[in-house]
Ligand code: SF4
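Numbering (our numbering), first residue to last: 53 to 481.
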């Protein structure tokens, strides 16, 4: 039966105390979108000529409800996970990954962060992402999806967040995810791969009670590599026609690249549809006469108004170095769990940022980017350090960049953030 939770949980907060945002939202002209769903609707209308974009937003918005319903009705299990890199393993375990990090982007629950503050009396400097996710999970405490695959890769605040939601009845399985070693050469790396493989073996047992079906996982790895090749093709086609698909749909395509919005076959068919449209579409000129090719580096952000501001000024985000490493390929010639372990150890979040610079340089070159945005969340020391290293490197190489510090909040971005975005794109125009 859905929603029966035998773990004692906190009483419903009687009154939600509204805490101040990290920054004031921009004063918006009438008719401008005010929350995530309105930005999506605005983008749908701006892309009324594209069936692929309509399909993409349909898939995104039905992702969480359909996964929850499928799990509740016993048709297909679902489990919470990062939704960044574990799709082949989870799908091989007949489990839909429900991406924790996409919760805020897809649900637009404006109260989530305030709810967490009220429940836990969160310190003011707590990262807004962790606070919001705690609130989102609290709201789902009676939901049928209880299993959580908690990869420890991201950061300590989030790891503690996983511990805090145990009392809401969630069944947390921790994956000790090691960081790629800087010293020790191949021998040390191989030891870590071995350790991570054993951790990933345990994920399958947690989800299904038995070891992963390797044949099935090989199939899923091939699917992921195939989808990412199609995604890269879409980005290459965008270089020649940047405004046919604007920034927000590309962000959504990127998000879905790691979990397919719970529907792998439909996601792949949609990628084909994007390719068909882009190969046949007429060139879409910029209303401002010029197009400024740009690269986005860092977190993917929850403030859709930032992407809209870039588009409105004739900017085009043509490459994205975010936690979705679409530019990397899983090794199909080694055992699948080892392929996953090696992929994770070479990955943006866990790999040293210094190791990642070469990937960003390649993206800039391939798309002819004239500048870069570095984006991180207020209160995130982890992302801030990465961005600082990247920024120094590209500053020395003479690539113009702008550092954006946003908030994990539903609604319009702060006026300060929008001013920075506009000033930067105008400077490069
Ligand atoms: S924004 Fe930074 S501090 Fe917050 S959960 Fe993400 S990595 Fe951790």
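The beta carbon of each residue, even a glycine, is placed where N, CA and C say it ideally should be.
Within the same chain, show all residues whose beta-carbon is closer than 6 Å to that of residue i, passing over the 5 residues directly before and after it, in chain order.
i: residue 223; result: 198, 199
i: residue 155; result: 188
i: residue 280; result: 378
i: residue 420; result: 345
i: residue 312; result: 319
i: residue 302; result: none
i: residue 307; result: 154
i: residue 289; result: 330
i: residue 269; result: 140, 144, 388
i: residue 250; result: none
Please find out if some non-hydrogen atom of the ligand SF4 comes closer than 6 Å to the beta-carbon of residue i.
i: residue 479; result: no
i: residue 434; result: yes
i: residue 209; result: yes
i: residue 152; result: no
i: residue 182; result: yes
i: residue 190; result: no
i: residue 429; result: yes
i: residue 145; result: no
i: residue 279; result: no
Since residue i contacts residue j with CB under 8 Å, what's their CB separation in whole angstroms?
i: residue 345; j: residue 370; result: 5 Å
i: residue 350; j: residue 247; result: Actually they are not in contact, since the Cβ atoms of residue 350 and residue 247 sit about 29 Å apart, beyond 8 Å.
i: residue 456; j: residue 358; result: 7 Å
i: residue 209; j: residue 178; result: 7 Å
i: residue 296; j: residue 330; result: 6 Å
i: residue 143; j: residue 272; result: 5 Å
i: residue 459; j: residue 472; result: Between residue 472 and residue 459 the Cβ distance is about 14 Å, and since that is not below 8 Å, they are no contact.
i: residue 439; j: residue 365; result: Actually they are not in contact, since the Cβ atoms of residue 439 and residue 365 sit about 22 Å apart, beyond 8 Å.
i: residue 239; j: residue 387; result: With a Cβ gap of about 19 Å, residue 239 and residue 387 do not count as contacting.
i: residue 315; j: residue 137; result: Not confirmed; about 18 Å, so no contact.
i: residue 119; j: residue 134; result: The Cβ separation is near 15 Å, so there is no contact.
i: residue 375; j: residue 352; result: 7 Å
i: residue 430; j: residue 95; result: Not really, about 25 Å apart at Cβ, beyond 8 Å.
DSSP three-state label for residue i, please.
i: residue 74; result: The predicted model places residue 74 with a pLDDT of 42, which falls under 50 and marks its position as unreliable; any figure quoted below should be read in that light. Coil.
i: residue 174; result: coil
i: residue 457; result: strand
i: residue 189; result: helix
i: residue 386; result: coil
i: residue 126; result: coil
i: residue 405; result: helix
i: residue 201; result: strand
i: residue 399; result: coil
i: residue 62; result: Here the model assigns residue 62 a pLDDT of 46, short of 50, so the residue's position is not dependable and the matter cannot be decided.
i: residue 258; result: helix
i: residue 419; result: helix
i: residue 226; result: strand
i: residue 368; result: strand
i: residue 353; result: coil
i: residue 184; result: helix
i: residue 321; result: helix
i: residue 131; result: strand
i: residue 345; result: strand
i: residue 373; result: strand
i: residue 221; result: coil
i: residue 394; result: helix
i: residue 110; result: helix
i: residue 328; result: helix
i: residue 480; result: helix
Near residue i, which residues of its chain fall below 7 Å by C-beta distance, leaving aside the five closest residues on each side in sequence?
i: residue 145; result: 256, 259, 260, 264
i: residue 123; result: 129, 130, 196, 197
i: residue 392; result: 140, 141, 252
i: residue 475; result: none
i: residue 449; result: none
i: residue 442; result: 349, 405, 409, 412, 426
i: residue 226; result: 202, 204
i: residue 274; result: 384
Whose C-beta lies closer than 8 Å to the C-beta of residue i among residues of the same chain, with five residues either side of it excluded?
i: residue 347; result: 369, 370, 371, 372, 373, 412, 415, 416, 419, 421, 423, 424, 425
i: residue 325; result: 103, 104, 107
i: residue 276; result: 139, 140, 382
i: residue 92; result: 109, 112, 113, 300, 356
i: residue 99; result: 105, 106, 297, 298, 301
i: residue 437; result: 405
Every unbroken beta strand (DSSP E) inside the stretch 135–170 [3 residues or more]: 147–151
Complete alpha helix (DSSP H) runs within the stretch 228–303 (minimum length 4 residues, chain order): 237–260, 266–292
4 or more residues per run - each alpha helix (DSSP H) lying fully within the stretch 423–478: 433–448
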